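Chains as they are written, first to last, in my numbering: chain A, 1335 to 1664; chain B, 1335 to 1664. Glycine residues also receive a C-beta, built at the ideal position from the N, C-alpha and C atoms. Since we're looking at a predicted model, the values are computed, not measured. What follows is a set of notes on a single structure, which appears directly below.
There are 2 protein chains.
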Amino acid sequence: MSPRPSAVPPPVTAVLDAATAWLPGMLGSVERRLGEVAGGHGPALDAAADATLSAGGKRLRPLLVLLCAGRDGGDSAVRAGTAVELVHMATLVHDDVLDDAPLRRGRPTVFATSGRARATSTGDLLFSRAFALLADAGDSAQVSLLAEASVALALGELEQRRDAYDTGVSAERYLERCRLKTGRLFECACLMGLAAGGGDGAAAVDLRNFGSRIGLAFQLLDDVLDVTGPAERTGKARGTDLLDGTVTLPLIVASDRDPGLRGVDLRGLDPAGAEQLCERIAASGALEEVRSQALAMVAEAKAGIAGSGFDAEQRDLLGLVADGVVERYS
Amino acid sequence: MSPRPSAVPPPVTAVLDAATAWLPGMLGSVERRLGEVAGGHGPALDAAADATLSAGGKRLRPLLVLLCAGRDGGDSAVRAGTAVELVHMATLVHDDVLDDAPLRRGRPTVFATSGRARATSTGDLLFSRAFALLADAGDSAQVSLLAEASVALALGELEQRRDAYDTGVSAERYLERCRLKTGRLFECACLMGLAAGGGDGAAAVDLRNFGSRIGLAFQLLDDVLDVTGPAERTGKARGTDLLDGTVTLPLIVASDRDPGLRGVDLRGLDPAGAEQLCERIAASGALEEVRSQALAMVAEAKAGIAGSGFDAEQRDLLGLVADGVVERYS
C-alpha cells in the first residue's frame, strides 16, 4: 500500500557498521554509564526496573550527540549522550505510568513491575541523575541546553493533554506540539554534541534544524504506526492514541479528505471502534500523505547539513541516522 | 497531653518581623519569580493549577537560602531560593498524584483540577524550570547541589515505597529514609544560600548539619501530626500514612512500648481501623517520645550554629526558622 523506502539495516547497526573505530567505543561508554546510573542504586531500584532501564532502545539521541561532537568529543560527549538518554528514559517511564502500559520494547515496564508510585519516583530519579551528571562536571552550558529541552518536553505533554479529544485541532497546532514533545530533544542532542566537541557556532543553526526535522519526522511516523499497527510490531494495540484522545496528523488529514470523519467523538471509543476508525483513516489515503511529509522532512534535514562544516564521515553518519528514523517505519 | 512550646507566631511572619529590610524584599522577589514560572506558560498550565502553584506555602526552604546567603546574596540567592522551592513544589505535585490527594493547603491539588497526566507533566515542568533557572545563569555549582538533593529525594521516595507495609522496619532505617526524603533538601537550601552569598567553606559543615537536623525534625513532627490529626488542621484524614502502608517513627516506637502492636497488618486497614490504630499509638506515649526527639534535634541545630561565622542577626533569624518548624506542630 505505502511506498517502501529501500531496505536498510536497523539504524544503530547501519551507523556503527559505517563508522570507524571511535563511534562504537564511545557508544559503548554511554551504555556503561547508563548501566551505572540504572544499576547503581542497589535495592532501591527493583531488579525488574533495573532490567527494563538497561534493556536498551535505539539510542538515537546519544548517537546524535556523539556524531555531532565528532571523534574528539571525549568524556564530555559521553556524558552529554548519557544525560540526554536519561531524560528520554525518564519521560518514557512517566508516560508508561500515565498510559498504564504493561510493555515497552517487549519487556514489562517499570510501571508494570513496580507500580505507579515507584515508577513515578524512578522517572524523577533518572531525571535528577541526568542533571547531576552534567552539573558535577561543571558543565552549566550543557545543563542549560538539557533543562530548556526538558521544559519543552513537559510543555508539549501539557499541550497534548489539553488538546485531548479535540478533533478540531489544526495541523499547525499538532506540529507545534510535536516540535516541543519530540523535536526539541533531538535538537538538544545535536547542540549538546556540538558543544561537547567544541564545534563552531556556525554549524549550530544547521544542526538545530537537522535535529528538529528528524525529531518531527520521527513523531509523524510514530503517529502513522499507531494507525497501521499491527500490535505484534508496535507492542501496542492499533489506535492507542485515539483511545487516549490524542488527535494526531493522520486523523487531521483524514478528516480533511473524508468529511464523515469530522467531529468524530473519541470519548465513546472502544478498541473495536478504534480499529474501525484506523481502517477509515487508512482508506482516506491520509497515511501516505503524512508519511511523505515525514520523508520530505528527513530529506530536508539531510540536505541542510550538506554544506555544513562537518567532515564527510560525520555527514554520512548523520545521514544514516536520518535514514534510520525512516527505516523503523518501512 | 503533649508539652506545648511557648506560643510563637507562624514561622515566616516571625522571621520577617524580626528581620531588617533586606529579607522581606528578597523573599518578595522569590515569590515574584515563582509566580512567573508558575504563571508564565499561558494556557498550557491550567488556571487552576496555576492558582495552586502560586498559592504559597511556608517557603521555609527559600527562607533558609536567603538567610544563609545573607544580605548580599542578591539575585544569585533569589534564583537559588526559587529553584529549591520549585523542586519542592514538583515533588508535592507528584506526591499528590500518587496519593490521589484532593486538597493541599486547603486548595484543590493540580491532580484534582487537572488529572493525573497533567499533574505529572506539571511536576516535570517545575522540575525542569528549576534547573533551567540555575543553569541559564551559568551556575553549575548550584545545579550540582540541587541535582544531588533531587536524586536523594527520589531515592528516599523509592525506599519509602519499598518499605511499605513492612512493620518490622527499624528506627535507623526510617531516619535514613527521612534524611533522604526531607533532610537533604533543607541541607541543600542552606548550602545553596551559603554559595550564593559567597560565604566561606568553614560554615558549610555547620550549615549542612543545621539544615539536615531541622529537616529531619520537620519530617518527624509531620509524621506525628498524621497520627494526631485532626483532619481540619492537617487537611487529611488521621492515619493517612498508615492507610498508605507507610511505617513511621510513631508506629515503630509504639510497637516497642506496646507488644500488641507488633506485626499489625496494615494491608487490611480501613479508615476506621486507621483511626483506632492512631488512638493506640497515642495511648502508648510514642507521640511524646517522637516529639521530644524532634525538639532535641531542633535544639541541637540551633546550638550547632552558635559558634559559626554568622552575624548575630543571621543566627537569630535561623533560630526563628528552626522554631517555626516546631511551631507548626505545637
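Item to complete: Measure the C-alpha to C-alpha separation of A1435 (chain A) and T1454 (chain B) and round it to an integer number of angstroms.
Response: 16 Å
Worksheet entry | Interface flag, D1500 (chain A) vs chain B, CB-CB below 8 Å | Chain B, which has no Cβ nearer than 8 Å to the Cβ of D1500 (chain A), makes this no.
Worksheet item: Does the distance from the CB of L1603 (chain A) to the CB of L1621 (chain A) come in under 8 Å?
Response: no
Worksheet item: Does the beta carbon of A1523 (chain A) sit closer than 8 Å to a beta carbon anywhere in chain B?
Response: no
Worksheet item: Any idea which residues DSSP pairs P1358 (chain A) with across the strands?
Response: Beta-bridge pairing links P1358 (chain A) to no other residue.
Discussion item. I need the DSSP call for L1603 (chain B), collapsed to helix, strand or coil.
Written reply: coil
Practice prompt. Compare the C-beta of D1556 (chain A) with all C-beta atoms of chain B and state if any pair is closer than 8 Å.
Written response: no
Worksheet item: Expressed to the nearest angstrom, what Euclidean distance is found between the alpha-carbon atoms of V1655 (chain A) and A1481 (chain B)?
Response: 31 Å
Item to complete: At 7 Å on the CB atoms, spell out the chain A contacts of H1428 (chain B), in chain order.
Response: T1454 and D1458
Practice prompt. With L1621 (chain B) as the anchor, note down where its alpha helix (DSSP H) starts and where it stops.
Written response: A1620 to G1638
Fill in: Chain-order list of residues whose beta-carbon lies under 7 Å from that of D1645 (chain B) (same chain, five-residue window excluded)
So no residue of the chain qualifies.
Worksheet entry | Neighbour flag for F1465 (chain A) against chain B, beta carbons, 8 Å | Under the 8 Å criterion on CB atoms, F1465 (chain A) is classed as interfacial with respect to chain B.
Worksheet item: Assuming G1545 (chain B) contacts E1510 (chain B) under a Cβ cut-off of 8 Å, what Cβ separation, rounded to an integer in Å, is found between them?
Response: G1545 (chain B) to E1510 (chain B), Cβ: 16 Å. No contact.
Worksheet item: Exposed or buried, Q1610 (chain B), counting other C-beta atoms within 10 Å across all chains shown (16 or more means buried)?
Response: exposed
Discussion item. I'd like the list of long-range same chain contacts for A1414 (chain A), defined as Cβ closer than 6 Å, with 5 residues on each side in sequence excluded.
Written reply: Only V1399, Q1476, M1526 and A1530 meet the Cβ criterion.
Discussion item. Residues in the same chain with beta-carbon distance under 6 Å from G1549 (chain B), minus the five sequence neighbours each way, listed in chain order, please.
Written reply: Residues T1516, G1517 and F1520 of the same chain have their beta carbon placed closer than 6 Å to that of G1549 (chain B), with the five preceding and five following residues left out of the count.
Worksheet item: What three-state label does DSSP hand P1593 (chain A) in the structure shown?
Response: The three-state reading of DSSP puts P1593 (chain A) in helix, counting H, G and I together.
Item to complete: Let me know the secondary structure DSSP gives R1438 (chain B) once reduced to three states.
Response: strand
Discussion item. When you compare the CB of D1534 (chain A) with every CB in chain B, is at least one pair closer than 8 Å?
Written reply: no
Worksheet item: Do three or more CB pairs link the segment 1358–1374 of chain B to the segment 1491–1499 of chain B at distances below 8 Å?
Response: no
Worksheet item: So, does the CB of E1491 (chain A) fall closer than 8 Å to a CB anywhere in chain B?
Response: yes
Worksheet item: Of all the beta strand (DSSP E) runs that stay within the bounds of the segment 1491–1579 of chain B, which reach a length of 3 or more residues?
Response: The segment 1491–1579 of chain B contains no whole beta strand (DSSP E) run of 3 or more residues.
Discussion item. Please report whether the beta-carbon of G1472 (chain A) lies at a distance below 8 Å from any beta-carbon of chain B.
Written reply: yes
Fill in: When B:M1631, B:L1595 and B:R1601 are compared against I1615 (chain B), the one with the closest alpha-carbon
For I1615 (chain B), the nearest C-alpha among the options comes from B:L1595.
Worksheet item: Can you name the start and end residues of the alpha helix (DSSP H) that S1455 (chain A) belongs to?
Response: V1444 to D1470
Worksheet item: Straight-line CA distance for A1446 (chain A) to L1426 (chain A)?
Response: 13 Å
Fill in: Distance between beta carbons of F1552 (chain B) and V1485 (chain B), contact taken as under 8 Å
The beta-carbon separation of V1485 (chain B) and F1552 (chain B), rounded to 20 Å, does not stay under the 8 Å limit for a contact.
Worksheet item: Which bits of chain B does F1461 (chain A) rub up against, with CB to CB less than 7 Å?
Response: For F1461 (chain A), the neighbours in chain B by C-beta distance under 7 Å run, in chain order, F1461.
Item to complete: Name, please, each residue of chain A whose Cβ falls closer than 7 Å to the Cβ of E1482 (chain B).
Response: A1466
Worksheet item: Any C-beta of chain A sitting closer than 8 Å to the C-beta of S1410 (chain B)?
Response: no
Discussion item. Given this structure, state the Cα-to-Cα distance separating R1463 (chain A) from D1592 (chain A), to the nearest angstrom.
Written reply: 48 Å
Item to complete: Could you please give the first and the last residue of the uninterrupted alpha helix (DSSP H) stretch that includes R1649 (chain A)?
Response: In this chain, the alpha helix (DSSP H) harbouring R1649 (chain A) covers A1646 to E1661.
Worksheet item: the segment 1434–1451 of chain B: which residues have C-beta closer than 7 Å to a C-beta of chain A, in chain order?
Response: R1450 and A1451
Discussion item. For C1512 (chain A) and L1361 (chain B), I'd like the C-alpha separation in whole angstroms.
Written reply: 37 Å
Fill in: For R1393 (chain B) and L1397 (chain A), the rounded distance between their alpha carbons
Going from the Cα of L1397 (chain A) to the Cα of R1393 (chain B) covers about 42 Å.
Fill in: Extent of the continuous alpha helix (DSSP H) run through D1433 (chain B)
Counting along the chain, D1433 (chain B) falls outside any alpha helix (DSSP H), and DSSP gives it neither H nor E.
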